[in-house]
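Colleague:
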Amino acid sequence: MFRKILIANRGEIALRVIRACRDLGVRAVAVYSDADQGSLHVRLADEAVPIGPALSRKSYLNMDALLEASRKSRADAVHPGYGFLAENPEFARACEDAGIAFIGPSPACMALAGNKAKARKHLIKKGVPVIPGSEGPVATVAHALDAAENVGYPVILKASGGGGGKGMRIARDAKSLSEVFPVAAGEAKAAFDLPELYLEKYIEKSRHIEVQVLSDHFGNAVHLGERECSIQKRHQKLMEEAPSPFVDAALREKMGDTALAVVRFLGYTNAGTVEFLVAPDGAFYFMEMNARIQVEHPVTEMTTGIDLVCRQIRIASGEALLLSQEKIRPHGWALECRINAEDPDDGFMPSPGTVEELVLPGGAGIRVDTHLYPGYTVPPFYDSLICKVIAWGKDRPSAISRMRRALFEVRTKGIKNTVSFHAKILDHPDFIQGRLHTRFLEEL
Amino acid sequence: MTAETHVVKSPLMGTFYRTPSPDEKPFVEQGQRVNASDVVCIIESMKVFTELRAGRPGVVKRILVENEELVMKNQDLMEIEID
Chain A
158 MFRKILIANR GEIALRVIRA CRDLGVRAVA VYSDADQGSL HVRLADEAVP IGPALSRKSY
218 LNMDALLEAS RKSRADAVHP GYGFLAENPE FARACEDAGI AFIGPSPACM ALAGNKAKAR
278 KHLIKKGVPV IPGSEGPVAT VAHALDAAEN VGYPVILKAS GGGGGKGMRI ARDAKSLSEV
338 FPVAAGEAKA AFDLPELYLE KYIEKSRHIE VQVLSDHFGN AVHLGERECS IQKRHQKLME
398 EAPSPFVDAA LREKMGDTAL AVVRFLGYTN AGTVEFLVAP DGAFYFMEMN ARIQVEHPVT
458 EMTTGIDLVC RQIRIASGEA LLLSQEKIRP HGWALECRIN AEDPDDGFMP SPGTVEELVL
518 PGGAGIRVDT HLYPGYTVPP FYDSLICKVI AWGKDRPSAI SRMRRALFEV RTKGIKNTVS
578 FHAKILDHPD FIQGRLHTRF LEEL
Chain B
21 MTAETHVVKS PLMGTFYRTP SPDEKPFVEQ GQRVNASDVV CIIESMKVFT ELRAGRPGVV
81 KRILVENEEL VMKNQDLMEI EID
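Residue numbers (this note's numbering), protein chains in the order written: chain A, 158 to 601; chain B, 21 to 103.
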């Protein structure tokens with residue numbers, strides 16, 4: 158086991174990793190930018206190292222500063238959290254070159270998983286079902302139009318370089334495809350510094366369902382069931398649940414087997430997520446592999462009782478995964494609401510500022526992962542996620558009802574947040590019935 | 021010369037950028053003529069980028085904030101001398 162782990166992140170996920178470290182008896186080193194001196198992750202870590210100015214580019218994305226902090230604090234491993242450098246193979250390689258273990262997959266595997274067009278091409282050859290689309294990237298509008306003719310409209314353009322909805326555009330005919338192509342390429346260039354796009358058939362009323370996997374360095378791999386993440390705003394997840402109200406035992410087994418095949422084909426190690434698009438007829442297609450711990454991991458922890466972050470650390474330290482697929486028996490239902498510092502009454506405008514008053518929910522079945530405390534100032538420099546409320550119940554209705562209770566208990570003053578918006582979703586008849594698809598919120 | 025001045029204000033707290041990306045040229049320079057619909061700067065708040073437009077046609081008289089500086093809601097950013 159490691160002696161000391163440096164956490165190359167901030168906010169709630171930094172706290173999450175610190176907690177896992179403490180559970181395992183490993184020392185945790187926090188890093189912080191000038192804007193985060195008063196952050197909870199700085200206070201709750203065993204040590205904290207400043208890494209630069211507020212702007213991410215100069216601190217949390219600054220590899221040299223992070224490597225220097227790791228050396229200075231004599232950390233023997235780095236946990237990247239999610240976002241920032243979590244899926245940057247160059248950073249993973251730099252850590253390894255410096256003799257520091259990177260808690261995640263190998264740099265080579267991360268590079269393959271990270272280039273979505275390449276990963277897709279690789280997996281098609283292995284027989285993994287993918288959405289019909291272009292073979293690799295589409296370099297020009299003409300190339301895109303050809304590919305769209307082949308698969309049939311509507312189609313969706315996606316960025317090879319990453320997700321989060323950036324560079325993503327739906328086109329229902331050739332005219333609109335020609336129009337959105339340059340826009341999508343421009344967005345992809347701005348977001349990922351790579352204008353490369355690929356094209357897929359767009360499937361109406363589809364769901365986003367993903368499978369959590371764990372894989373060690375000895376060829377042992379298990380899946381921990383699925384998460385339904387169809388409640389999205391501009392392709393960003395807002396609410397997740399496990400299991401999916403759509404998936405039955407037979408489909409779960411098929412999706413789980415496919416996810417494990419993807420793990421094998423990519424040579425993937427550590428915790429990861431295989432994302433699928435699921436059509437209304439139950440057909441499912443590989444979308445991408447997320448080579449990191451995900452924001453929504455707690456719903457899987459609640460239903461399986463397996464601590465995913467501890468498992469990540471143990472796998473990276475060279476422990477064998479002593480978990481057999483038969484022993485993983487998820488039970489009950491878990492929901493997660495991602496509370497963002499945004500104003501739902503003003504077009505989800507970012508709402509940084511000082512949290513003057515704060516009451517967080519509690520009671521049976523509720524877990525809250527947050528870095529907020531009364532008096533904390535949410536800086537404008539980073540992501541708007543301020544709190545994750547997770548509710549567990551014996552079945553879906555009881556999880557929903559506990560989540561309603563938890564959201565009712567949240568009290569804040571000073572910043573706007575999305576609690577009221579989440580509460581509205583929970584009361585929507587289609588949500589209650591589990592009739593979800595990725596454009597659910599757009600069609601509200 | 022008593023030209024009227026229009027002030028571009030920040031609609032929210034965030035980071036002020038004069039350039040579309042770190043290694044590109046500024047949207048506008050002092051003394052430059054702009055149309056009402058020209059983008060003059062970007063405010064980034066919580067990873068959301070908001071482009072601000074001149075709002076009125078004229079000449080950029082003063083840029084009141086440094087690139088990458090933190091600005092508050094309603095803070096004055098630029099003065100435009102209206103035609």
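Heads up, the beta-carbon is just placed ideally off N, CA and C, and yes, glycines get one too.
Using a Cβ-Cβ cut-off of less than 8 angstroms, list which residues of the stretch 62–95 of chain B approach chain A; keep chain order.
Modeller: Flagged, chain order: Glu64, Ser65, Met66, Lys67, Val68, Glu88 and Leu90.
Colleague: Helix, strand or coil for B/Met66 per DSSP?
Modeller: Position 46 of the second sequence, counted from the start, is the residue given in the question as residue 66 of chain B. Coil, per DSSP.
Colleague: Is it right to say A/Ala258 is buried, meaning 16 or more other beta carbons lie within 10 angstroms of its own, or is it exposed?
Modeller: Within the first sequence, numbered from 1, the residue matching residue 258 of chain A stands at position 101. Buried is the call here.
Colleague: Residues bridged to A/Phe443 by DSSP?
Modeller: Residue 443 of chain A sits at position 286 when you count from the first residue of the first sequence. Answer is A/Val287 and A/Phe433, bridged to A/Phe443.
Colleague: What separation, rounded to the nearest whole angstrom, lies between the Cα atoms of A/Leu212 and A/Lys161?
Modeller: The residue labelled residue 212 of chain A in the question sits at position 55 within the first sequence. The residue labelled residue 161 of chain A in the question sits at position 4 within the first sequence. Cα-Cα distance, rounded: 26 angstroms.
Colleague: Just reading off the beta strand (DSSP E) that A/Ser372 is part of, what are its end residues?
Modeller: Sequence index remark: in the first sequence, residue 372 of chain A carries index 215 (1-based). Taken as a continuous stretch (DSSP letters only), the beta strand (DSSP E) holding A/Ser372 covers Arg364 to Ser372.
Colleague: DSSP has A/Lys411 in a bridge; who is on the other side?
Modeller: Position 254 of the first sequence holds residue 411 of chain A. None, per the DSSP bridge assignment.
Colleague: Pick helix, strand or coil for A/Asn497, following the three-state DSSP scheme.
Modeller: For the purposes of this step, residue 497 of chain A is identified with residue 340 of the first sequence, where counting begins at 1. In the structure shown, A/Asn497 sits in a strand (DSSP, three-state: E or B).
Colleague: Less than 8 angstroms between C-beta atoms, sequence neighbours within five positions excluded: which residues of the same chain meet that for A/Ala347?
Modeller: One-based indexing of the first sequence puts residue 347 of chain A at position 190. So the qualifying residues of the chain are Lys323.
Colleague: Starting from the C-beta of A/Cys266, find all residues in its chain whose C-beta is less than 8 angstroms away, skip the five residues before and the five after it, and write them out in chain order.
Modeller: As a working mapping, residue 266 of chain A is identified with position 109 in the first sequence. Closer than 8 angstroms at the Cβ level, and outside the excluded window around A/Cys266, lie Leu423, Gly424, Tyr425, Thr426 and Ala448.
Colleague: Where do the ends of the alpha helix (DSSP H) carrying A/Gly343 lie?
Modeller: Taking the first residue of the first sequence as 1, we reach residue 343 of chain A at position 186. Taken as a continuous stretch (DSSP letters only), the alpha helix (DSSP H) holding A/Gly343 covers Ala331 to Phe349.
Colleague: What residues in the stretch 531–548 of chain A bring their beta carbon closer than 8 angstroms to a beta carbon of chain B?
Modeller: Within the stretch 531–548 of chain A, the residues whose Cβ lies closer than 8 angstroms to some Cβ of chain B are Pro537, Phe538, Tyr539, Asp540 and Ser541, listed in chain order.
Colleague: Kindly list the residues whose CB is nearer than 7 angstroms to the CB of A/Glu466, restricted to its own chain and excluding five residues on each side of it in sequence; keep chain order.
Modeller: By 1-based counting over the first sequence, the position of residue 466 of chain A is 309. With the sequence shown as reference, residue 466 of chain A is identified as Val, and Glu is not the correct amino acid for it. So the qualifying residues of the chain are Arg173, Val174, Ala177 and Ile450.
Colleague: Alpha carbon to alpha carbon, what distance is there between A/Glu169 and A/His151?
Modeller: Summary: the structure shown does not reach residue 151 of chain A, with chain A confined to residues 158 through 601, and so no result is reported for it.
Colleague: Is it buried or exposed, A/Thr461, if we count other Cβ atoms within 10 angstroms and call 16 or more buried?
Modeller: Residue numbering aside, residue 461 of chain A sits at position 304 when the first sequence is read from its first letter. A buried status is given to A/Thr461, since no fewer than 16 other beta-carbon atoms sit within 10 Å of its beta-carbon.
Colleague: Any Cβ of chain B within less than 7 angstroms of the Cβ of A/Pro207?
Modeller: Counted from its first residue, the first sequence places residue 207 of chain A at position 50. Output row for A/Pro207: interface = no.
Colleague: Give the single residue among A/Lys362, A/Thr430 and A/Leu218 whose Cα lies nearest to the Cα of A/Ser372.
Modeller: Counting from 1 along the first sequence, the entry for residue 372 of chain A is found at position 215. Among A/Lys362, A/Thr430 and A/Leu218, the Cα nearest to that of A/Ser372 belongs to A/Thr430.
Colleague: Would you tell me roughly how many angstroms separate the C-alpha atoms of A/Gly343 and A/Pro352, rounded to the nearest one?
Modeller: Sequence index remark: in the first sequence, residue 343 of chain A carries index 186 (1-based). Sequence index remark: in the first sequence, residue 352 of chain A carries index 195 (1-based). Cα-Cα distance, rounded: 6 angstroms.
Colleague: Could you name the residues that DSSP lists as bridge partners for A/Leu163?
Modeller: Along the first sequence, read from residue 1 onward, the residue named residue 163 of chain A stands at position 6. A/Val186 and A/Val235.
Colleague: Just list the alpha helix (DSSP H) runs in the stretch 222–280 of chain A, keeping only unbroken ones of 4 residues or longer that don't cross its boundaries, in chain order.
Modeller: 246–254 and 264–271, all fully within the stretch 222–280 of chain A.
Colleague: Just reading off the alpha helix (DSSP H) that A/Asp303 is part of, what are its end residues?
Modeller: Within the first sequence, numbered from 1, the residue matching residue 303 of chain A stands at position 146. From DSSP, the alpha helix (DSSP H) with A/Asp303 extends over Val298 to Val308.
Colleague: Can you name the residues that DSSP bridges to A/Ala548?
Modeller: Walking along the first sequence from the start, residue 548 of chain A turns up at place 391. Per DSSP, A/Leu492 and A/Ile523.
Colleague: When the cut-off is 7 angstroms and only beta carbons count, does A/Pro437 lie next to chain B?
Modeller: By one-based count along the first sequence, residue 437 of chain A stands at place 280. So no, A/Pro437 is outside the interface.
Colleague: Compare the C-beta of B/Thr25 against all C-beta atoms of chain A and say whether one is closer than 7 angstroms.
Modeller: Walking along the second sequence from the start, residue 25 of chain B turns up at place 5. Cβ-Cβ to chain A under 7 angstroms: no for B/Thr25.
Colleague: B/Phe36 lies in the beta strand (DSSP E); which residues open and close that run?
Modeller: Taking the first residue of the second sequence as 1, we reach residue 36 of chain B at position 16. That run of the beta strand (DSSP E) goes Gly34 to Tyr37.
Colleague: Going by beta carbon distance, what residues of the same chain come within less than 7 angstroms of A/Ala171, once the five residues before and after it are set aside?
Modeller: Within the first sequence, residue 171 of chain A is the residue found at index 14, counting from 1. Excluding sequence neighbours, A/Ala171 sits near Ile164, Ala187, His198 and Gly238.
Colleague: Is A/Met158 buried or exposed, if buried means 16 or more other CB atoms sit within 10 Å of its CB?
Modeller: Sequence index remark: in the first sequence, residue 158 of chain A carries index 1 (1-based). Answer is exposed; the Cβ neighbour count stays below 16.
Colleague: Can you give me, in chain order, the residues of the stretch 31–47 of chain B that have a beta carbon less than 9 angstroms from any beta carbon in chain A?
Modeller: Cβ proximity to chain A below 9 angstroms picks out Pro31, Leu32, Met33, Gly34, Thr35, Pro40, Ser41 and Pro42 from the stretch 31–47 of chain B.
Colleague: Using a Cβ cut-off of 7 angstroms (strictly closer), state whether A/Pro246 contacts chain B.
Modeller: Position 89 of the first sequence holds residue 246 of chain A. Closer than 7 angstroms: no.
Colleague: Pull out every residue of the stretch 330–356 of chain A whose Cβ sits closer than 8 angstroms to any Cβ of chain B, in chain order.
Modeller: Ala347
Colleague: Could you give the first and the last residue of the continuous beta strand (DSSP E) run that contains B/Thr25?
Modeller: Locating residue 25 of chain B in the second sequence gives position 5, where the first residue counts as 1. First-last of the beta strand (DSSP E) with B/Thr25: Thr25 to Lys29.
Colleague: Could you pull out every residue in the same chain whose Cβ sits closer than 6 angstroms to the Cβ of A/Glu397, ignoring the five residues on either side in sequence?
Modeller: Here the question's residue 397 of chain A lines up with position 240 in the first sequence. Excluding residues within five positions, the ones whose Cβ falls inside 6 angstroms are Arg384, Cys386, Glu453, Val456 and Glu493.
Colleague: Is DSSP giving A/Ala202 helix, strand or coil here?
Modeller: On the first sequence, residue 202 of chain A is found 45 positions in, with the first residue counted as 1. In the structure shown, A/Ala202 sits in coil (DSSP, three-state: anything other than H, G, I, E or B).
Colleague: Output, in chain order, the set of chain B residues within a Cβ distance shorter than 8 angstroms of A/Ala498.
Modeller: In the first sequence, counting from the first residue as 1, residue 498 of chain A sits at position 341. Met66, listed in chain order.
Colleague: Would B/Met92 be called buried (16 or more neighbouring beta carbons within 10 Å of its own) or exposed?
Modeller: As a working note, residue 92 of chain B is residue 72 in the second sequence. Counting Cβ neighbours within 10 Å, B/Met92 comes out exposed, since fewer than 16 surround it.
Colleague: To which residues does DSSP link A/Ala328 through a beta bridge?
Modeller: Here residue 328 of chain A is taken as the residue at index 171 of the first sequence, counted from 1. A/Ala328 pairs with A/Val312.
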